[in-house]
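Below you'll find the structure, written out as structure tokens, and then a few comments.
Residue numbers (my numbering): 25 to 154.
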């Protein structure tokens with residue numbers, strides 16, 4: 025768990041953060057992002073992330089690489105909450121139990137994830153993509 029006084033510690037020079045197998049939730053990740061304000065690469069495989077929230081303008085604003093491997097997210101609607109993160113280029117979603125990839129509209133196919141150029145969806149349960 026994240027210490028209560030976590031905001032006392034700020035590490036502006038850290039651009040890569042790896043926190044695998046730590047039982048963290050997405051809420052914990054958002055808290056950590058205020059301690060590491062310049063994160064460009066975030067690897068949080070095999071934690072307790074099952075749902076996501078839209079980061080505010082201060083959190084994860086420079087994120088280019090996001091690794092969510094092994095977290096039981098299941099629903100593309102959770103992933104899609106990150107779709108407006110303008111710097112996101114590479115997302116690793118292997119073994120996240122995703123069953124379908126659904127976009128809200130045809131225009132969302134091109135407007136969501138505007139800079140994403142690498143997507144790893146290996147070892148999932150995808151039966152539908154539209």
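Here a beta-carbon is modelled for each residue, glycine too, at the ideal position from N, C-alpha and C.
Extent of the continuous alpha helix (DSSP H) run through residue i
i	result
residue 59	50 to 59
residue 103	100 to 103
Three-state secondary structure assigned by DSSP to residue i
i	result
residue 152	strand
residue 41	strand
residue 75	coil
residue 65	strand
residue 107	coil
residue 47	coil
residue 129	coil
Run of the beta strand (DSSP E) containing residue i, from where it starts to where it stops
i	result
residue 91	89 to 91
residue 83	Segment: none, residue 83 is in no beta strand (DSSP E) and carries neither H nor E.
residue 144	142 to 144
Euclidean distance between Cα positions of residue i and residue j
i	j	result
residue 41	residue 115	15 Å
residue 26	residue 75	18 Å
residue 34	residue 57	10 Å
residue 47	residue 135	33 Å
residue 153	residue 103	14 Å
residue 86	residue 69	19 Å
residue 145	residue 129	21 Å
residue 31	residue 37	16 Å
residue 147	residue 54	26 Å
residue 96	residue 119	8 Å
residue 39	residue 84	11 Å
8 Å contact criterion, which residue i and residue j should meet: CB distance rounded
i	j	result
residue 90	residue 73	Contact flag wrong, Cβ pair sits at about 11 Å.
residue 78	residue 100	In fact, because the Cβ distance is near 15 Å, the residues do not count as touching under 8 Å.
residue 113	residue 142	7 Å
| said: I'd like to know if the segment 96 to 110 and the segment 51 to 64 are in contact, where contact means that at least 3 CB-CB pairs between them fall below 8 Å. | reply: no
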